[in-house]
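Protein chains: 2
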Amino acid sequence: MMSDAEFLSECAAIVGDSHLLCQDIDTAPYLTDWRRRYTGRALAVVLPTDTAQTAAVVRACNRHGVAIVPQGGNTGLVGGATPCEPGRQIVLSLRRLNRIRDIDLDNHTLTAEAGCILQHVQNAAHDAGRLFPLSLAAEGSCTLGGNLATNAGGTAVLRYGNARELCLGLEVVTAQGEVWDGLRGLRKDNTGYDLRDLFIGSEGTLGIITAATVKLFPQPRARMTALAAVSSPRAAVTLLGMAQEQAGPLLTGFELMSDFCLRLVQSHFPALRYPFATPQPYMVLLELSDNESEAHARGLLESILEASLERGVVDDALVAENMRQSHAFWHLRESIPLAQAQEGLNIKHDIAVPVSRIAAFIEATDPLIQRDFPGARMVTFGHLGDGNLHYNVQAPEGGDPKHFLQHEAAINRLVFDSVLAQQGSISAEHGLGRLKRNAIERYKSQVEIGLMRALKASLDPNGVLNPGKVLPDAR
Amino acid sequence: MMSDAEFLSECAAIVGDSHLLCQDIDTAPYLTDWRRRYTGRALAVVLPTDTAQTAAVVRACNRHGVAIVPQGGNTGLVGGATPCEPGRQIVLSLRRLNRIRDIDLDNHTLTAEAGCILQHVQNAAHDAGRLFPLSLAAEGSCTLGGNLATNAGGTAVLRYGNARELCLGLEVVTAQGEVWDGLRGLRKDNTGYDLRDLFIGSEGTLGIITAATVKLFPQPRARMTALAAVSSPRAAVTLLGMAQEQAGPLLTGFELMSDFCLRLVQSHFPALRYPFATPQPYMVLLELSDNESEAHARGLLESILEASLERGVVDDALVAENMRQSHAFWHLRESIPLAQAQEGLNIKHDIAVPVSRIAAFIEATDPLIQRDFPGARMVTFGHLGDGNLHYNVQAPEGGDPKHFLQHEAAINRLVFDSVLAQQGSISAEHGLGRLKRNAIERYKSQVEIGLMRALKASLDPNGVLNPGKVLPDAR
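If you're matching them up, the sequences are chains A and X in order. Residue numbers 1 to 475, in full-length UniProt numbering, belong to the letters of the first sequence in order. Residue numbers 1 to 475, in full-length UniProt numbering, belong to the letters of the second sequence in order.
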């Protein structure tokens, strides 16, 4: 094995001295994850400027036996982009690969490099009169490459799908430092195995995404929202079915929020008032995106809500008067995680179950948590239309949040077992990273884990890509 | 190696004597492909009744060194389900795995076994008040398993995607005869590698799909069509953009047909009259699916066509008066392949390019074909909204079709090279099978073929699954 100094000098020759960070003060922001759960060590943070440099760095790593932790905006929630294994590693930051390479209006596609900030991609599409619908809380700092490496979800999945469904083509640097040019802008291509979807969601453990061709959509003329008060998650699921039947693909958002969520918001951000005059057990935010007009969208929302009020599915409803009020309704929803953070440390879950089992999941799990952790406060909200809940648990009123966090493993176990009973997923949109990679041993079959290990061994036989992530420890 | 007799008696013990076909008269229908291009030989055709039997047959094949050719409805167009390699093989027909296992209305999902006829799946969804939108010419005899193994496309891809996008979960028998239960009905699940999409489209070379959970949709209230006459493919692409902007996701069909296509239809099926009073260079069939009403759909179609007539994009237009006339417009489109067959043998292509390059592709390729094969008649039609053309070539008027077929390799080369120049795909929806597996050597990078080979070696190290398909011959 050659020396670290030799390796670093090869890297410097590839990316230039100023893009090879070795001092603690420079590397620190890359070595701790966004939630500050993990801090790792690395020989260096390497910032290539293009695909060729990225591939050259990977080849140098192979020659020197150095592992690679790819990183985008470092906004992941499961520690997937933080080096945290023993051994020699670098963080390979894709941030400088930040060019929009092409926008093809007639094909409704955009090709961008992995380091582009999601919001920049959204803006580039918007400036071209198109919509790139991927949207999530971290959009101001997360990157397109990270979104694809983790198959990001967000608020528009109901209509447009996850990051996976929005991607037509990829450019990837393999574990061996070769470049796979799969940057196709095709809606149909049945010429071999689906390499694209194998790299998407693999969290940098099978290859390094350097660019992508994504789908664009016509910009809707109007996006209108409404708030509906319902007595239970079960009523919310009934409302979802009615809205889907009447609005079809115009329904682009369907978010559930419990009473406690909006009381937390009001308590920490008094300007954001509880939307109904009296407390409501659950509220739903519905959004329509309409290519005709604002009036058409509002008429459709009113018709859905009238029918559901008549049938007793909905107890009260507010239709946004205009786009400004639509934004205000979304602002309530988006303030829940912030209010929760203000309230104190808490235990987060990002779970999915079939939409038909959402109510059964909540009805079964809430009492189990109260039984074992009396007074625990449930912050239940999420993308009901996708079967995806952020089923978070806050310490009892007046309790010490830090003390409560000691129960994290036990609460996770309880929630995940309940998810399994409803044939769900313990990570709907955040991925496995380091945080949940060992948990899947309990929730996946050995056949599935065996298939995953076979694919990893096949594409990254020397284990240079993001070691200690996604796959459980060998037993 | 044990004897064939021992192997067959093991198979008979698994599936029962009556489901092990060994006589030529019984096996013949399974050994020739639908287009009658290939005929193969097999030790037997084995018809298991469920997943456990399927897995047991695969394990027996492994013990005896017998290869497996999985087969659904045997309607494939590239010879992917016909045994055609030397060596001992069986055809494993999934036809008896034909149960609809579950319909989950609130989750909008249906779980069915691989051998279910596509039309039966459509009907089961319809009877439950839902839509399963996958639709293609062979739907009366092709199977859901075959649709997924080949990532079938069809007429609704513009809005609903290919078979891949319609599938949420799979059950698969691996090359080793293990069962992977990935039958999840989840819209979001980021807990590991995307095994599902790796098996979808792998044409039975990586695993055998035995069941799937697919997405359902609300049934639209109305499906309305119109025909628009345009002067060129370029005008058709402009019309597509206008229709997408105005109708958004309500636009579910956008099919291009050349003048010659509809003259062929009229010539062989005189009841199907040419739709316009005077010949038109190209015609587009537009379809809207509407969750509001027939009147709303017709109004939207009229508004799109008025705007495009005004802008000179469209030269003439017919909006269906009712659902019956809508069906009649589709019938014209669907009769093109039949009319073409009546006209005589021809050379078919199933290509895709970015939508923005469709016009350039046709403008560049038509003259090249005339240069090299004067008088050849172009039967140009297809799913323009997906960038997918059936760019077929018929012998010159009065020429001998059989003689013309001698040019097949040269014409394929010309067309495929032109596809490559437009960054397209030489197989948009039919797959590679046996027919096109060697052609990809010219149109894919060695990096990509290397990745495909690595995946094949990883999941099917002994090469028992569908040998001689998808991957090019080793050089």
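Each residue gets a CB set at the ideal place from its N, CA and C atoms; glycine is no exception. Note that the structure is a prediction, hence the values are computed from the model and not measured.
Residue interval of the beta strand (DSSP E) (run including residue i)
{"i": "Glu392 (chain X)", "result": "First, the amino acid is wrong: residue 392 (chain X) is Asn here, not Glu. First-last of the beta strand (DSSP E) with Asn392 (chain X): 388-394."}
{"i": "Leu318 (chain X)", "result": "316-319"}
{"i": "Glu255 (chain A)", "result": "251-258"}
{"i": "Arg437 (chain X)", "result": "First-last for Arg437 (chain X): undefined, no H or E at that position."}
{"i": "Arg223 (chain X)", "result": "222-230"}
{"i": "Val179 (chain X)", "result": "179-182"}
For residue i, the first and last residue of its enclosing alpha helix (DSSP H)
{"i": "Tyr282 (chain X)", "result": "Not the alpha helix (DSSP H): Tyr282 (chain X) falls in the beta strand (DSSP E), residues 282-290."}
{"i": "Ala235 (chain X)", "result": "233-247"}
{"i": "Thr51 (chain X)", "result": "51-64"}
{"i": "Ile304 (chain X)", "result": "294-310"}
{"i": "Phe416 (chain X)", "result": "408-421"}
{"i": "Arg101 (chain A)", "result": "Arg101 (chain A) -> not in any alpha helix (DSSP H); beta strand (DSSP E) instead, spanning 100-104."}
{"i": "Gln340 (chain A)", "result": "336-343"}
{"i": "Gln89 (chain X)", "result": "Unbroken run through Gln89 (chain X) is the beta strand (DSSP E), 89-93; no alpha helix (DSSP H)."}
{"i": "Arg196 (chain A)", "result": "195-199"}
{"i": "Ile358 (chain A)", "result": "358-372"}
{"i": "Gln119 (chain A)", "result": "118-127"}
{"i": "Asp4 (chain A)", "result": "4-15"}
{"i": "Leu148 (chain X)", "result": "144-149"}
{"i": "Gly450 (chain X)", "result": "446-459"}
{"i": "Arg159 (chain X)", "result": "157-160"}
{"i": "Glu19 (chain A)", "result": "In the sequence as presented, Glu is not what sits at residue 19 (chain A); that position holds His. Note, His19 (chain A): premise wrong, no alpha helix (DSSP H); not H, not E."}
{"i": "Pro133 (chain X)", "result": "First-last for Pro133 (chain X): undefined, no H or E at that position."}
Sequence-distant residues of the same chain with beta carbon closer than 8 Å to residue i, five excluded per side
{"i": "Asn291 (chain X)", "result": "Pro218, Pro220, Arg221"}
{"i": "Arg377 (chain A)", "result": "Phe260, Val393, Gln394, Ala395, Pro396, Glu397"}
Sequence-distant residues of its chain with Cβ nearer than 6 Å to residue i (five each side left out)
{"i": "Asn162 (chain X)", "result": "Asn151, Gly153"}
{"i": "Ala395 (chain A)", "result": "Pro401, Phe404"}
{"i": "Thr49 (chain X)", "result": "Arg96"}
{"i": "Leu94 (chain A)", "result": "Gly72, Ala114, Gly115, Gly145"}
{"i": "Ser135 (chain X)", "result": "Gly154, Thr155, Ala156"}
{"i": "Thr82 (chain A)", "result": "Asp33, Tyr38, Gly40"}
Beta carbon of residue i nearer than 7 Å to that of residue j
{"i": "Val419 (chain A)", "j": "Ile411 (chain A)", "result": "no"}
{"i": "Val58 (chain X)", "j": "Val173 (chain X)", "result": "yes"}
{"i": "Leu227 (chain X)", "j": "Met283 (chain X)", "result": "yes"}
{"i": "Glu85 (chain A)", "j": "Gly468 (chain A)", "result": "yes"}
{"i": "Ile209 (chain X)", "j": "Leu256 (chain X)", "result": "no"}
{"i": "Ile347 (chain X)", "j": "Val379 (chain X)", "result": "no"}
{"i": "Ile358 (chain A)", "j": "Val237 (chain A)", "result": "yes"}
{"i": "Ser202 (chain A)", "j": "Tyr193 (chain X)", "result": "yes"}
{"i": "Lys215 (chain X)", "j": "Leu251 (chain X)", "result": "no"}
{"i": "Ala295 (chain A)", "j": "Leu288 (chain A)", "result": "no"}
{"i": "Phe132 (chain X)", "j": "Ala138 (chain X)", "result": "no"}
{"i": "Leu77 (chain A)", "j": "His430 (chain A)", "result": "yes"}
Straight-line Cα distance separating residue j from residue i
{"i": "Asn62 (chain X)", "j": "Ser258 (chain A)", "result": "54 Å"}
{"i": "Asp350 (chain X)", "j": "Gly344 (chain X)", "result": "18 Å"}
{"i": "Leu92 (chain A)", "j": "Arg99 (chain X)", "result": "49 Å"}
{"i": "Met224 (chain X)", "j": "Gly16 (chain X)", "result": "49 Å"}
{"i": "Ala52 (chain X)", "j": "Glu441 (chain X)", "result": "37 Å"}
{"i": "Gln422 (chain A)", "j": "Trp34 (chain X)", "result": "42 Å"}
{"i": "Asp473 (chain X)", "j": "Lys444 (chain X)", "result": "14 Å"}
{"i": "Ala156 (chain X)", "j": "Gln89 (chain X)", "result": "36 Å"}
{"i": "Gly375 (chain X)", "j": "Ile369 (chain X)", "result": "9 Å"}
{"i": "Thr278 (chain X)", "j": "Ala229 (chain X)", "result": "10 Å"}
{"i": "His331 (chain A)", "j": "Gly382 (chain A)", "result": "14 Å"}
{"i": "Asp189 (chain X)", "j": "Thr109 (chain X)", "result": "16 Å"}
{"i": "Ala328 (chain X)", "j": "Gln342 (chain X)", "result": "20 Å"}
Close beta carbons around residue i, own chain, < 7 Å, minus the five adjacent residues each side
{"i": "Leu20 (chain X)", "result": "Leu8, Cys11, Ala12, Ala44, Val46"}
{"i": "Asn438 (chain X)", "result": "Pro472, Asp473"}
{"i": "Arg333 (chain X)", "result": "Glu255, Met257, Leu285"}
Residues that DSSP places opposite residue i in a beta bridge
{"i": "Val379 (chain A)", "result": "A:Asn392"}
{"i": "Lys215 (chain A)", "result": "A:Thr109"}
{"i": "Cys167 (chain A)", "result": "A:Val214"}
{"i": "Thr32 (chain X)", "result": "X:Thr39"}
{"i": "Ile68 (chain X)", "result": "X:Ile90, X:Leu465"}
Distance cut-off 6 Å: residue i Cβ against heavy atoms of the ligand MG
{"i": "His349 (chain X)", "result": "This structure lacks the ligand MG; in fact it carries no ligand of any kind."}
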